[in-house]
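Protein sequence lines, in the order shown, are assigned to chains W and Y. Each residue of the first sequence is one higher than the one before, counting from 1447 in my numbering. Each residue of the second sequence is one higher than the one before, counting from 9 in my numbering.
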Amino acid sequence: MSVGVEVRIPLHLWGRLWDEVRRPGPDEPVVFGLVSHGQTSDGTLVLVRDIIVPPTTAFVRSTTHGAKWTGAYNISLLNEAMEHRLGILIFHYHAGTDQVRMSQDDEQSARELLPIFQMVAPGRPHGSIVLGESSASGLILLPDASHLLKDFRLRFFSDAVRTFPQTEVSPSDLVLHRRQPLVDGAVTRSRLANMVVAVVGLSGGGTQVATQLAGLGIGEIIGIDAQRVTRDNLLATDEFGWADILLRRRKTAALRSKVWWINRQIRFTAVDALVPEKPAIDALKRADLIVGCVNNLNARADVQEIAWRYCIPYVDIGLGLYPFDPDDGLSEIAAIGGNVCAAVPGGACLWCTGFLTDEKVQRESGGGDRSYLRTAIAARNGRNSAAYVATFNGVLAGLAVSDVLQLILGYAPALAVRKQYDALSGTVSEVVVKKDPQCSTCSSVLAAGDPLWQ
Amino acid sequence: MTEKTIERLTAELKNSYQGAVTTKDGGSTLVRLPEVHFAPSCQPESASAMVGFDPAKPKPDFYVKVIPAVRGVQPQHGNSLIGGDNWCTFSYNLSWDEEHTAVQFVEGMLRRFA
């Protein structure tokens, strides 16, 4: 499941890119992508931050296959890339359903242009990619590399995560998967087995998410939590037991055993750290999907940032018991509510939906900065009594894993971004949310990758 | 803080701290200092640090890679995600405005551990 090199295109850019490269016209359409990149422990992510559709005046007539553009346009493109410290990807399209390939002219042009791009903007990757209906091909030049890479994956986001190249399977397997994606078949099995899903927070919700993922046959589950199992956890989940408390086991260790009993083919990677500690960040960066089951907004903000920075879909769950009077320990419960948010890179994020706001995040840390957060959360947890919420967490975990399944298999026509669970009535309702065009997280962090230091 | 002030302070840090590097991340300018020195009673004695300039804030933000133990006691601190990396944050009400230098800001913040 090593990534190697993977190009990721966020939801809001993919639709436009796909339309523009196929636009009929006198010249072969070309679209430029401005890209950052991020280094993970097992590869390089090339992240499309923006796309540029050149005007028709940029092109010159050519006798060879493919598009040619003017030197002046090339300079303005390079200036744009340099100003934002980004690399350039050239996208075009070849019709047909088979595996697309770069033509000889495409290759020659890439071999001439990409080293020039690298000379001008050496810190970021550059490349030329031809898109097909169900495949992609091309050449990528990584920073500090002198040879062009042909082997890479291309991932784009819609209501599901799509990755080229697709697994090679028989036509009948493909038909089965298209018509009945949830039925056990070669494509479904392979898609699930090729995924790395990180679960952040292994308490009431996270443990039940992890065991359900194990049941699905997800290739690797990364469990992130720094705590040991306590008696309170037994009320929030059925995945821990008395022996875990007796042995003072770490949550990750207890869950690793549980996952092994469910499916011993699954790799469970234990990360005994808190977000945003470095081991947790490094683990999240190499995940294909993140499920956040944390108990505070500051951690959600961090997970959201990592997910957006490296273009990783993020499913977040949370449950709350809300008394009429929060300051009275004996107050009656007014509501038991939960949320499941599925944020796809380029779609609405937790800030767009108003789930996260600066005010809420600051209030949580007692009005101070992050240095007060642990004290504030410890004080809050000290006020709250443990409650029997395992079943409610189970509902949220089931909804979250259904979203994961949708993102991997695309079994439903659309992904509901935010679902609200009312535990008192036992109902789940969809909340319509839209991407906020003014969202600063989306504009500044999405596909930002690793910073380029100079 | 104006963009011009941020440019001035960034250049000052790059000149004053050997190996200092800078990047733009979102709306902020970040300056990474490879090594700053804590007071002699601290363990470790030095660490890398980061100064963040946000045009919307009157003062820079300051982060260190490691919070030192001061005479064996580690002060209260938190963890922040800055530029995709983990940095330690601590609370210290340093009196600083744009009339001061960037070096005064960094060395002033480090006095928290004196």
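Virtual Cβ for every residue (Gly too), placed ideally from N, Cα, C.
Residue burial annotation: residue 71/Y is buried, with at least 16 other C-beta atoms found within 10 angstroms of its C-beta.
A direct Cα-to-Cα measurement between residue 1550/W and residue 98/Y gives close to 58 Å. Sequence-distant Cβ neighbours of residue 1839/W in its own chain, meaning closer than 7 Å and more than five residues away, are 1650, 1651, 1654, 1682, 1683, 1765. Contact annotation: residue 1480/W and residue 1792/W have beta-carbon atoms that are not nearer than 9 Å. Within a 10 Å sphere around the beta-carbon of residue 1818/W sit 16 or more other beta-carbons, which makes this residue buried. By alpha-carbon distance to residue 114/Y, the top candidate from 20/Y, 34/Y, 9/Y is 20/Y. Contact between residue 1788/W and residue 1761/W is confirmed by a C-beta separation of about 5 Å, below the 8 Å threshold.
With respect to the C-alpha of residue 1609/W, the residue from 1756/W, 1455/W, 1464/W having the closest C-alpha is 1455/W.
Counting only the Cα atoms, residue 1779/W lies some 41 Å from residue 91/Y. Here residue 1737/W carries a strand assignment [DSSP, helix/strand/coil].
For the segment 83-114 of chain Y, the residues whose beta carbon sits under 8 Å from a beta carbon of chain W are, in order, 84, 85, 86, 87, 88, 89, 91, 92, 93, 94, 97, 98, 99. Residue environment for residue 1869/W: buried (at least 16 other C-beta atoms within 10 angstroms of its C-beta). If you look at residue 1760/W, you'll find it in the beta strand (DSSP E) that goes 1760-1769. For residue 56/Y, same chain residues with a beta-carbon under 8 Å away, outside a window of 5 residues either side, are 40, 41, 42, 43, 44, 72, 73 in chain order. For the segment 1885-1897 of chain W, the beta-carbon criterion of a distance under 9 Å to any beta-carbon of chain Y is satisfied by 1886, 1887, 1889, 1890, 1891, 1894, 1895, 1896, 1897. When 9 Å is used as the limit between beta carbons, residue 38/Y is near these residues of chain W: 1897, 1899, in chain order. Between the C-alpha atoms of residue 49/Y and residue 36/Y there is a straight-line separation of about 33 Å.
Under the Cβ distance rule, residue 1489/W does not count among the residues neighbouring chain Y, no pair being separated by less than 9 Å. Per the C-alpha coordinates, the member of 118/Y, 68/Y, 59/Y, 47/Y positioned closest to residue 95/Y is 59/Y. Not flagged as an interface residue toward chain Y: residue 1810/W, since no C-beta distance is shorter than 9 Å. For residue 1881/W, no Cβ of chain Y is located within less than 9 Å of the residue's own Cβ. Using beta-carbon distances, residue 10/Y does not count as an interface residue toward chain W, since no partner is under 9 Å. With the criterion set as a beta carbon lying under 8 Å from some beta carbon of chain W, the members of the segment 13-36 of chain Y are 29, 30, 31, 32, 33, 34, 35, in sequence order.
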